[in-house]
Amino acid sequence: MSNINKKLFKRLHLNHAYGQLIALIFVPIMILAFVGAMLVTSETSNAARAQQKQMAIAILTRFQSTAESALQIVKDYPWQYEQARIAMQNMLNEKHLIRAGVVDLKGVNRLSIGYQDQAPWPKFNTNASFIGPILHDKNHIYAIHINENTNSPGWFAVEIDNQPLEIARYRVLIVLVATGLLTLLLLLLCLNFYSRRWIAPMYEIRMQLQRLNADTLDQHMVINSTGELRLLQRDIANVVKRLHFSFLELREHTEQTEDDLRRTLDTLEVQNITYRQARDQAISANQAKSVFLANISHELRTPLNSIDGFIHLLLRQGNLSNEQRLYLQTIRKSSAHLLALINDVLDFSKIDAGKLELETAPFDLEEAIFDVMDMLSPLAAQKHIDMAFYYADNVPKYVIGDALRFKQILTNLISNAIKFTPDGEIIVRVRMEHDDIGQCLLHFSVQDSGIGLSGTDRKKLFESFSQGDTSVTRQFGGTGLGLAISKQLVSLMHGQIGFEDNQERAPTEKGSTFWFTAQFTTNDDELIEHPDFNDLTVVSYLAHPATANVLRHYLENYRVQHTETSSILDLFSRLNHLQHSENTWLIVDHSGDTEALLTEIRLRYSGNIAVYGYQMALDPNMLNEHRARPLHQPLSRSALIQLLSNQPIFEQDVHEDFNGQGLHILAIDDHLPNLIVLEALLGELNVKTTKATSGQEAIDIIQNRYEKGLTAFDLVFMDIQMPVMSGIDTTRAIRSLESTFENHRRLPIIALTAHALSDEKQKLLQGGMDDYVTKPIQIEQIIQILTQWTTENFKKIPVLERANVIDALDTSIIDWQQSLQLAANKEDLAVDLLRMLLDSFETELNEMQELIEVEDFPQLEHVLHRLYGATRYVGVPSLQKVSGDFEQFVSTLRKERRKADDAFMTEVAKRFDELKTVIDQVKQAATQILNQHSV
954 MSNINKKLFK RLHLNHAYGQ LIALIFVPIM ILAFVGAMLV TSETSNAARA
1004 QQKQMAIAIL TRFQSTAESA LQIVKDYPWQ YEQARIAMQN MLNEKHLIRA
1054 GVVDLKGVNR LSIGYQDQAP WPKFNTNASF IGPILHDKNH IYAIHINENT
1104 NSPGWFAVEI DNQPLEIARY RVLIVLVATG LLTLLLLLLC LNFYSRRWIA
1154 PMYEIRMQLQ RLNADTLDQH MVINSTGELR LLQRDIANVV KRLHFSFLEL
1204 REHTEQTEDD LRRTLDTLEV QNITYRQARD QAISANQAKS VFLANISHEL
1254 RTPLNSIDGF IHLLLRQGNL SNEQRLYLQT IRKSSAHLLA LINDVLDFSK
1304 IDAGKLELET APFDLEEAIF DVMDMLSPLA AQKHIDMAFY YADNVPKYVI
1354 GDALRFKQIL TNLISNAIKF TPDGEIIVRV RMEHDDIGQC LLHFSVQDSG
1404 IGLSGTDRKK LFESFSQGDT SVTRQFGGTG LGLAISKQLV SLMHGQIGFE
1454 DNQERAPTEK GSTFWFTAQF TTNDDELIEH PDFNDLTVVS YLAHPATANV
1504 LRHYLENYRV QHTETSSILD LFSRLNHLQH SENTWLIVDH SGDTEALLTE
1554 IRLRYSGNIA VYGYQMALDP NMLNEHRARP LHQPLSRSAL IQLLSNQPIF
1604 EQDVHEDFNG QGLHILAIDD HLPNLIVLEA LLGELNVKTT KATSGQEAID
1654 IIQNRYEKGL TAFDLVFMDI QMPVMSGIDT TRAIRSLEST FENHRRLPII
1704 ALTAHALSDE KQKLLQGGMD DYVTKPIQIE QIIQILTQWT TENFKKIPVL
1754 ERANVIDALD TSIIDWQQSL QLAANKEDLA VDLLRMLLDS FETELNEMQE
1804 LIEVEDFPQL EHVLHRLYGA TRYVGVPSLQ KVSGDFEQFV STLRKERRKA
1854 DDAFMTEVAK RFDELKTVID QVKQAATQIL NQHSV
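And the structure:
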């Protein structure tokens, strides 16, 4: 109800019983009485007028002939005017007739009798035969046309008195007023009865209730009502009586509760000391738990180091069968998965124990983000997920912070996005959140189009050991520690981490967006200068909108004349008008049949072409054939600048072979398998190794060599956690022993640790060690340590020249460069993949022969698909084409749902012979490569 209505109700007292009664009864009755009076008055007036009209018509009809004769006499015999007037005097005997007269058509009064007989008559309408009533001097005039067919036509008019009409109207009004007053009197009598019967008792009840309070609940209520109100008043009295008893019970219960509460507070005060002691014990137990987690994780990594090392050594052997290599790869994957779980637990225990500290060092932020995305791009490529990376212009390129921990957070978020995204896209964005002098707060987000999370899963998303799907049939693995560790690391970087549902931002989108902020130190004097390519022209077609936006943004900053095409047909239409110069680049997307697309483009355009796609999805031979360069996904600024500058593509750095001839290393570890692995790895580098299983044994070996005058060790690898004498104690003992030797140089001691904590690194250096390396140790780490600490004692072994053998091979049979690219430029891996392919030929051919004989073509299609898949990892173009065509031909039988006829069987036999011929060629060429690498 509006304010105006409230004020009106308040002013008219319509919120009270009297007011409502008047409003609901009196007002409608008065309205009905008024309307009825109006209707009665109107109807009586109309009836009186109708009666007067009938009376006038009767008078005019009766005296029409007399009036006609009088008009004729007056007109023809004017001297007989009085006789005519006397003839009409009898009309005055009519009731209510005031005067009568005869008027010619011109309105001239010819003859009049009665009151004011000489008064003028009003003009009449000559076209009407009857006129009236006409109001004249408060009376009504009626007239008829007379002598219409004679030479003296005119009007016969009479004037009727209206006083009887007025008298009748007043009589009706008097009757209506009397009736209204009587009705009002009856209404007032009813109101009086209603008020005494209902309103007065209700008011009395209300006043009694207002006088009630906690102290007067026991007072007696006087009941003086009748009927239903008496029953109501009695019920109210009973309720008040029960309320009084309840109040007394409540007061008693409250007093008892207060006494109990005082006693309880006394008890709690006594128990407070016990709870405080229990809290201190819980804190101590939590710290002990963290230390236990750190120690047990360290101990678990020690045997895993041996497992990983032995697997690495076995895989380098060339005499393994495919089954044995499969078993080793399975063990290696399981070991790596277990190692990742232990790393999560160790990181969590370090954070929980407060022993993790961030390192600060300058690093390239843009390059760090791209390294993470590039590292995870093979996983995205396998699921056909598009990845894009947007780096805002105001974000500094170089910052100071912990690059390793930053990459750990980003790797966790991006890998989770890939894991939970079946298809679609992943977009990484970086923008400036807050900029200050020497400091900046950056905002990082990872948006995916995956399965998203429910409301229940979001609440426990960043909890330790928690995952969205905890059922025994869950699809995705992991410890559930990744996001919890990331949250702690972000907190150490003075930032925050969070989650957003994409559908909350736009109902048409799907997936989720994880974001975090981190604070870095910046160098304000360092500015990023964008290169200027204003003389270049780029025409692009990228199917992924996010990547197209990133490319457009970069090219705008470089002032490149950029033209985007919306489709392949649009691209082809623009190629006809495109200049074929060195300053023109065409960038196309790797989607669909890339080879056919490049073929069509080369028919129209002969300039520079770049194909955008994942590295593992771009065929180098196809690109070389069509003179195209790769532009790897995700798009990076450095790769784009390298492309536009037409710089050569640098191959991935390959570590040169290390020759540790002449080096003698002392390895100390209480775990014998670790010593065996380390000795084997050092043996591959021609390094001689002496093993010691305890600190005391190592000290004895060093002292004996000195006493015998033998050359001192070049370097010592020292395990940290050993029984009886730890690695730090052994190092201190060696340093004390060195002080007793004459002309003895300082022995480099390198710590072997599972995971160095922030406070342990300083302890290692203060304990006399020179450096440390984490387990499981890799060959690259060993080479780096030996290069740094034994520079004067090592030399490089010559690289075997194999160019003559590779150049002599037919690239259509075996393309060794393509094999290296498919193996990430790892020659040993390329050799292993080629050997695995050769070992599978005999089994595959025998199985195909049997399937052709029994005409099991669905299984034959499966075997051919398996062989075709194996050729995708080795550069064997002919075998890949023949096996792929053979598979497509066999699949037609299934797709067309027909039976194998004689023509089909003949073609199968022909293609099988062709496949065996190509396999023999591959065997001959592969044997030369394998023999060369075995030298």
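In terms of our numbering, the numbers along the sequence shown are unbroken and rise by one, the last being 1888.
Where a beta carbon is used, it is the ideal one built from N, C-alpha and C, also for glycine.
These numbers come from a predicted model, not from an experiment.
Check: Buried or exposed by the 16-neighbour rule on C-beta atoms within 10 Å, applied to K1336; Outcome: exposed
Check: F1397 beta carbon less than 8 angstroms from that of L1363; Outcome: yes
Check: Beta strand (DSSP E) runs wholly inside the segment 1049 to 1085, at least 3 long, in chain order; Outcome: 1050 to 1057 and 1062 to 1067
Check: Alpha-carbon spacing of V1325 relative to L1700, whole angstroms; Outcome: 38 angstroms
Check: Inter-residue spacing [alpha-carbon to alpha-carbon] between V1677 and D1724; Outcome: 23 angstroms
Check: Member of I1652, V1348, L1638 and Q1877 whose CA lies at the smallest distance from the CA of Q1737; Outcome: L1638
Check: Close beta carbons around P1075, own chain, < 7 angstroms, minus the five adjacent residues each side; Outcome: I1087, H1089 and I1094
Check: Neighbourhood of D1339 by C-beta distance below 6 angstroms, restricted to the same chain and skipping five residues each side; Outcome: E1378 and H1497
Check: Residue span of the beta strand (DSSP E) that contains V1491, given as start and end; Outcome: T1490 to Y1494
Check: Rounded straight-line distance, which links the Cα of S1368 to that of D1606; Outcome: Since pLDDT at D1606 reaches only 40, below the 50 mark, its modelled position is unreliable, and the value read off the structure follows with that caveat. C-alpha separation (whole angstroms): 25 angstroms.
Check: Residue from A1040, A1333 and I1882 with nearest C-alpha to R1788; Outcome: I1882
Check: C-beta atoms of F1452 and G1403 nearer than 8 angstroms; Outcome: no
Check: Span separating the alpha-carbon of A1651 from that of A1235; Outcome: 42 angstroms
Check: Residue burial classification, F1359 (beta-carbon count within 10 angstroms, cutoff 16); Outcome: buried
Check: Local conformation of V1348 per DSSP, three classes; Outcome: coil
Check: Cβ pair I1353, F1473 closer than 8 angstroms; Outcome: yes
Check: Boundaries of the alpha helix (DSSP H) in which P1830 is found, first to last residue; Outcome: P1830 to K1848
Check: Straight-line gap, L1868 to V1784 (C-alpha atoms, nearest Å); Outcome: 22 angstroms
Check: CB-CB length for G1648 against I1621, believed under 8 angstroms; Outcome: 7 angstroms
Check: Helix, strand or coil at D1809 [DSSP, three-state]; Outcome: coil
Check: Opening and closing residue of the beta strand (DSSP E) in which T1743 lies; Outcome: First-last for T1743: undefined, no H or E at that position.
Check: Proximal residues to L1170 (C-beta, below 7 angstroms), its chain only, five neighbours per side dropped; Outcome: V1193, L1196, H1197 and F1200
Check: Beta carbon of A1011 nearer than 8 angstroms to that of M1041; Outcome: no
Check: Length of the line joining the Cα atoms of D1921 and Q1004; Outcome: Residue 1921 falls outside the range modelled here, since the chain spans only 954 to 1888, and no answer is possible.
Check: Endpoints, alpha helix (DSSP H) assigned at Q1456; Outcome: N1455 to R1458
Check: Close beta carbons around V1640, own chain, < 6 angstroms, minus the five adjacent residues each side; Outcome: G1613, L1616 and I1618
Check: Backbone secondary structure at P1583 - three-state DSSP; Outcome: strand
Check: Nonlocal neighbours in the same chain, by C-beta distance under 6 angstroms from D1422, ignoring five residues either side; Outcome: Unreliable positioning characterises D1422 in this predicted model, as indicated by a pLDDT of 49, which lies under 50. The coordinate reading is nonetheless provided below. Excluding positions up to five away in sequence, the list is empty.
Check: Same chain only: Cβ atoms within 6 angstroms of V1425, ignoring 5 sequence neighbours per side; Outcome: Reliability fails at V1425, whose pLDDT of 32 lies under 50, so the model's placement of it is uncertain and the value that follows must be treated cautiously. Closer than 6 angstroms at the Cβ level, and outside the excluded window around V1425, lies no residue.
Check: Proximity below 8 angstroms, CB of G1636 to CB of I1681; Outcome: no
Check: Cut-off 8 angstroms between Cβ atoms - residues of its own chain near A1563, not counting five sequence neighbours on either side; Outcome: W1538, L1539, I1540, V1541, A1581, R1582, P1583, L1584 and L1596
Check: Which listed residue (A1862, L1762 and V1807) has its alpha carbon closest to that of T1880; Outcome: L1762
Check: Proximity of Q1907 and L1489 at Cβ, strictly below 8 angstroms; Outcome: Shown here, the chain extends from 954 to 1888; a query on residue 1907 therefore has no answer.
Check: Where R1699 falls: helix, strand or coil (DSSP); Outcome: coil
Check: Contact check, R1505 vs T1518, beta carbons under 8 angstroms; Outcome: no
Check: N- and C-terminal bounds of the alpha helix (DSSP H) containing D1724; Outcome: Not the alpha helix (DSSP H): D1724 falls in the beta strand (DSSP E), residues D1724 to T1727.
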